[in-house]
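Step one of this worksheet: look at the structure below.
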Amino acid sequence: MTIADLSVELPSSVDLTSCDREPIHQIGAIQSIGFLVALSADWVVARVSANAADHLGVAVDALLGASFSALVCAEASHAIRNRLSALYGANAVERAFAVQLLDGGPHYDLAIHLTKEMIVIEAEPSEAAGEFNAGAMVRSMLTRIESNASIPELARTAARLIYALTGFDRVMVYKFHTDGSGEVIAERVGGGLEPYIGLRYPASDIPVQARALLVRNPVRVLFDVTAETSPIVPRLGPTGQPLDLSMSTLRAHSLMHIEYLQNMGVRATMTISLVREGMLWGLIACHHMSPRHVGFARRTAAELFAHTLGLLLDRVERTAIADYETRTRQLHNLILATVAEKGSVGDNIAKLSDQLAELVPSDGLAICIDRTITLTGATPTREEVAALRRFLDGNAASQVYATDELGRVYPPARDFVQQAAGILAIPISRVPRDFLIFFRHEVARSVIWAGDPNKSVQAGPDGERLTPRKSFAAWREIKRGMSAPWTSAEQRGADGLRLTLLEVVLRVLAASETDRQSAMQKQELLIAELNHRVRNILGLTHGLITHSRISATDVDTFAAVLGERVHALARAHDQITAKNWGPGSLATLIATEAGAYLGIRADRVRAPANDILLQPQAFSIVSLVIHEL
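Going by our numbering, the sequence shown opens with residue 523, and the numbers climb by one from there.
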């Protein structure tokens, strides 16, 4: 049985994050194709790679403690000092091409950077003078790519151009997803090699600290995975720490990474970072099946091209975002223009469901306002939405809440995964919150990995250790319980919608408050008018009683006189209330009173030819006066 035969699935005792803690920036060695010299501030040699003696013609022991100016020719010393003066920023690296370090010696390309304590100079053999014009090459490459208007176009063109520039067997453009995994979105591959286009690589393939270094130091090369490395001497400095090789161009690679590449059948690599807004967007990964040295000038051209490509990617993504935001603003304006201020908040939002679905593509919508739940499209049941609403009350902040795997954070959702595998919830009021909940149904995702992404563990003399996978054949994984992901643009659009809906709510509430205030004012006026009328009627009644008592000799007479006067008053009121308490005709009043008392002799009473209109306040008094005649 061999050691490889002991490879098993990871037990719980193996730390899956051990790769993330490996101090790869302090690996203590460089690739032997070049050499390294680290100087103190006064240009005294403090550290060297063991192979520096082969290039400078001085033994390592003699190099340490020597003045670097005395080791190289004056022209080389002058060139290095000039490049040092140009260094700016923590991650700066200056380059000098075709520098002759020793009189009559070979030419070297130099990379110069600073650590906290050291000046680090790396040298590797130059390409033949005049063989490569980096400026002309980069201009040509940019001319071919700057007109590309989409990310797939940019990626395909970039793969083709880097393939031509470097001569690697395979060039891939690799984009990172939000979960840290990466996908090959474009590829240029030589004949006879299996394409990797569309394959996914797990996040663990590129440890956290390696990603951080790729942002700081955008080009990493490995000229030959089988070549011996050259250790840094002495290994530890005065502070007891290895030399920081974060910005090194020749830094050796970890044994785990070497084994990973060997399992792929790769002998040489070059990796160029694609950085957008300070974050690692993706990589241009180059593989060769045999040792390959790409000169410093070509690597510099590739780095400049990748930097420009990052700007173009940013432009394309910003343009797409701007177009989406323009559409969202138009929808927001439409939403505000169609708000019916007389309706309820829920009614208004329900009428906008088509516009909302255009802004946030979804399969169903729940409008949760106060204690009412309105459902549209494919959604869970009303009871399930009510329970989900309680979950959101306790877990969602006052911002948009989105997940494409609801069952992972809210286990009851597994019962309605077909209708709601993912949700995007927009709070539109304070606690207890009202929500607009967009639902997306389950989409079974087929992810094709470059080999089984699960790491294995191998037993060895030093115990168990993680090992990179040995097969990169396409390995298909079906993921269930998830919806289509909510894009960052959709989430930003939803956040804008949240503000728009808050304005809708405020408008409706303001209209309701205005209506309430108007109703209260009308009610107060009515009460005041009724109070005034009641007081008048009571005063009038008091007068009737007083005057009736004066003329009455007994109770029956008093009751009869009072009754007749009340009837006269009632007839007058009937006339003015029939006209909505408006002015009444004097002629009509006279005719009515005459008819009530004279019967068929009423025609003996003649009203004036020119009629007079009496105000309601006078109408009752005049009717009583006529009654007393």
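The beta carbon of each residue, even a glycine, is placed where N, CA and C say it ideally should be.
With contacts defined by Cβ atoms closer than 9 Å, I754 and L558 form a contacting pair. The beta carbon of Y923 sits closer than 6 Å to the beta carbons of A947 from its chain, once the five residues preceding and following it are set aside; these are given in chain order. If you draw a straight line from the Cα of F1080 to the Cα of T1068, it comes to about 10 Å. At a Cβ-Cβ threshold of 9 Å, N739 and V615 count as neighbours. A straight-line Cα-Cα distance of about 15 Å links H829 and R666.
Per DSSP, V797 is one residue of the beta strand (DSSP E) stretching across 790–798. Membership of V660 in the alpha helix (DSSP H) is indicated by the continuous run 656–667.
In the three-state reduction of the DSSP assignment, V907 falls in the helix class, which pools H, G and I. Here G916 is exposed, its C-beta having fewer than 16 other C-beta atoms within 10 Å. Ranked by Cα distance from Q763, the first of L826, V931, I549, N855 is I549.
In this structure, A900 and I552 do not form a Cβ contact; the two beta carbons are roughly 60 Å apart against a cut-off of 8 Å. In this structure, DSSP gives K638 a state outside helix and strand, which the three-state scheme calls coil. Excluding sequence positions up to five before and after R1014, its CB lies less than 7 Å from no other CB in the same chain. In this structure, A844 lies away from R814, with their beta-carbon atoms at least 9 Å apart. Collapsing the DSSP output to three states places Q1137 in coil.
Under the DSSP assignment, Q852 falls in the alpha helix (DSSP H) whose first and last residues are 818–859. When the Cα atoms are used, S951 and L1024 turn out to be separated by approximately 7 Å. Residue pairing for Y630: DSSP places it in a beta bridge opposite V621, P647. When beta bridges are read from the DSSP output, P949 appears opposite F957. H809 is classed as buried because its beta carbon has at least 16 other beta carbons within 10 Å across all chains shown. Annotation for K638: D766 place their beta carbon closer than 8 Å to its own, counting only its chain and skipping 5 residues before and after. Contact between I794 and V741 holds, with the beta-carbon distance rounding to 5 Å and staying under 8 Å. Cβ contact annotation for L897 (same chain, cutoff 6 Å, sequence separation greater than five): A888, in chain order. Rounded to whole angstroms, the separation of the alpha carbons of H854 and E709 is 41 Å. Nearest to L609 by C-alpha distance, out of L636, S770, L772, is L636. Membership of P753 in any alpha helix (DSSP H) is not indicated; the residue belongs instead to the beta strand (DSSP E) covering 751–755.
Partner residues in the beta bridge of L558, as assigned by DSSP, are E644.
Looking at the DSSP output, C808 sits in a beta bridge with V693, M792. In the DSSP assignment, E709 falls outside any alpha helix (DSSP H) and within the unbroken beta strand (DSSP E) covering 704–711. Looking at the DSSP output, S571 sits in a beta bridge with I754.
Within its own chain, the residues whose Cβ lies closer than 6 Å to the Cβ of G804, once the five positions on either side in sequence are excluded, are Y696, K697, F698, L796, listed in chain order. The stretch 596–607 makes no contact with the stretch 566–581, as fewer than three CB pairs between them are under 8 Å. Under the 8 Å Cβ criterion, the stretch 1002–1013 counts as touching the stretch 958–966, having at least three qualifying pairs.
Rounded to the nearest angstrom, the Cβ distance from D631 to G817 is 7 Å, consistent with a contact under 8 Å. According to the DSSP assignment, L744 belongs to the beta strand (DSSP E) that extends over 741–744.
Under the criterion of beta carbons closer than 8 Å, V594 and S770 do not qualify as touching, at roughly 20 Å.
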